[in-house]
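Residue 291 in this note's numbering sits at position 194 of the sequence shown, and the numbers go up by one each step.
Beta carbons: idealized from backbone N, C-alpha and C, even for Gly.
Notes follow once the structure below has been shown.
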Amino acid sequence: MTYDSLSLYRDIVQTRSVSRGAALNGISQSAASQSVQELERTMQVQLLDRSTRPLTVTEAGKLYYDFCRDILRRKEQFEAELQVVKGRVEGTVRVAAIYSVGISEIASLEETFTKRYPDAHLQVNYLRPERVYESVLEDRAELGLVSYPESMRELNVLPWREEQMVLAMSPLHPLAGLRRAGAHDMEGQEFIGFDEDLPIRQHVDRYLRELAIEVRVVMHFDNIGSMKEALALGQGISILPRRILTNEIGLGTLVAVPLRIPLTRPLGIVHRRRKALTPAAERFLELLQETPHN
98 MTYDSLSLYR DIVQTRSVSR GAALNGISQS AASQSVQELE RTMQVQLLDR STRPLTVTEA
158 GKLYYDFCRD ILRRKEQFEA ELQVVKGRVE GTVRVAAIYS VGISEIASLE ETFTKRYPDA
218 HLQVNYLRPE RVYESVLEDR AELGLVSYPE SMRELNVLPW REEQMVLAMS PLHPLAGLRR
278 AGAHDMEGQE FIGFDEDLPI RQHVDRYLRE LAIEVRVVMH FDNIGSMKEA LALGQGISIL
338 PRRILTNEIG LGTLVAVPLR IPLTRPLGIV HRRRKALTPA AERFLELLQE TPHN
């Protein structure tokens with residue numbers, strides 16, 4: 098029994114998939130299946146029921162999952178405390194982030210972080226909001242970056258920044274020349290939105306509703322990249338954080354018009370309440386909080 102096998106089993110249970118658990122641990126699906134089968138032979142008990150999709154965990158499997166999770170958490174705690182004793186900042190900081198935080202911004206933060214702490218590394222997974230929370234709760238990430246952060250019993254939420262929202266569109270759009278966009282400007286326009294289950298969509302919808310603005314949603318996406326591509330092709334307008342449009346504004350492919358009645362998007366940092374961060378994670382958290390707040 099090794100830490101690698103404990104980690105593999107934990108991830109298989111958390112994802113309810115042998116293939117996804119294998120991918121998270123950098124091994125093949127067949128190797129992951131063999132590892133579970135060897136565990137079951139050793140324990141003489143079935144851990145996973147593979148006849149269902151997604152797979153289900155037996156009572157014995159749940160007991161072993163709790164054991165794996167507890168051992169791995171204690172290992173991480175020991176390593177974090179050992180780094181404090183050594184006075185060194187090293188290791189990998191695992192971060193889960195929503196897509197719209199911006200890959201270019203994270204890349205810039207990673208460059209700064211690596212320069213300051215050459216022995217530490219950043220590993221970022223871009224996920225939907227609910228998956229960010231899951232990753233932090235299930236110890237697949239130490240820090241999570243989300244919009245409209247929600248406090249939970251097992252999670253601590255730190256405010257990060259407030260982002261100005263703007264009306265985004267192609268420079269060829271009839272509204273592109275506006276100095277500010279009011280309710281009458283947006284009325285009846287073709288609109289590109291986020292998927293309905295995303296918090297940012299719900300808050301934008303509430304903003305439009307409170308101003309009695311009716312738009313025609315012609316497309317919706319779960320990621321900012323697809324939205325920006327559709328806007329650049331002249332497919333309509335959208336309300337987006339200005340910060341994530343910086344590159345497109347500089348290239349002249351998109352225009353950002355301030356909203357006459359302001360709207361902001363709060364971003365927050367989440368981490369588990371009763372879990373000590375590694376020195377490397379603490380230093381990255383400090384770096385995040387150094388960044389401009391708007």
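Tell me whether Phe288 is buried or exposed, calling it buried when 16 or more other Cβ atoms sit within 10 Å of its Cβ.
Counting Cβ neighbours within 10 Å, Phe288 comes out buried, since at least 16 surround it.
Alpha carbon to alpha carbon, what distance is there between Leu269 and Leu234?
Looking at the two C-alpha atoms, the distance is approximately 45 Å.
Roughly how many angstroms lie between the CA atoms of Pro296 and Gln141, to the nearest whole one?
Going from the Cα of Pro296 to the Cα of Gln141 covers about 46 Å.
By the DSSP assignment, the alpha helix (DSSP H) with Ser323 in it spans what residues?
Looking at the DSSP string, the run of the alpha helix (DSSP H) that includes Ser323 is 321-329.
Who are the near neighbours of Glu176 in its chain, counting only those whose CB is closer than 8 Å to its CB and skipping five residues on each side?
Within the same chain, Glu176 has close Cβ partners Gly188, Thr375.
Is it a yes or a no for the stretch 226-243 touching the stretch 315-329, going by three-plus beta-carbon pairs under 8 Å?
No: fewer than three Cβ pairs fall under 8 Å.
In angstroms, rounded to a whole number, what distance separates the CA positions of Arg339 and Arg138?
Each residue's Cα considered, the two are about 56 Å apart.
Using only alpha-carbon positions, find the residue among Gly365, Leu356, Tyr100, Gly118 that is nearest to Tyr245.
Measuring from the Cα of Tyr245, the nearest candidate turns out to be Gly365.
Note the first and the last residue of the continuous alpha helix (DSSP H) segment covering Gly347.
That run of the alpha helix (DSSP H) goes 343-348.
Confirm, please, whether the CB-CB distance from Ala119 to Ala128 is below 9 Å.
For Ala128 and Ala119, yes; Cβs fall inside 9 Å.
On the DSSP bridge list, what partners appear for Asp146?
DSSP output for Asp146 lists Thr153 as bridge partner(s).
Rounded to the nearest angstrom, how far is the Cβ of Val314 from that of Leu305, given a contact under 8 Å?
Incorrect: roughly 10 Å between the Cβ atoms, too far for contact.
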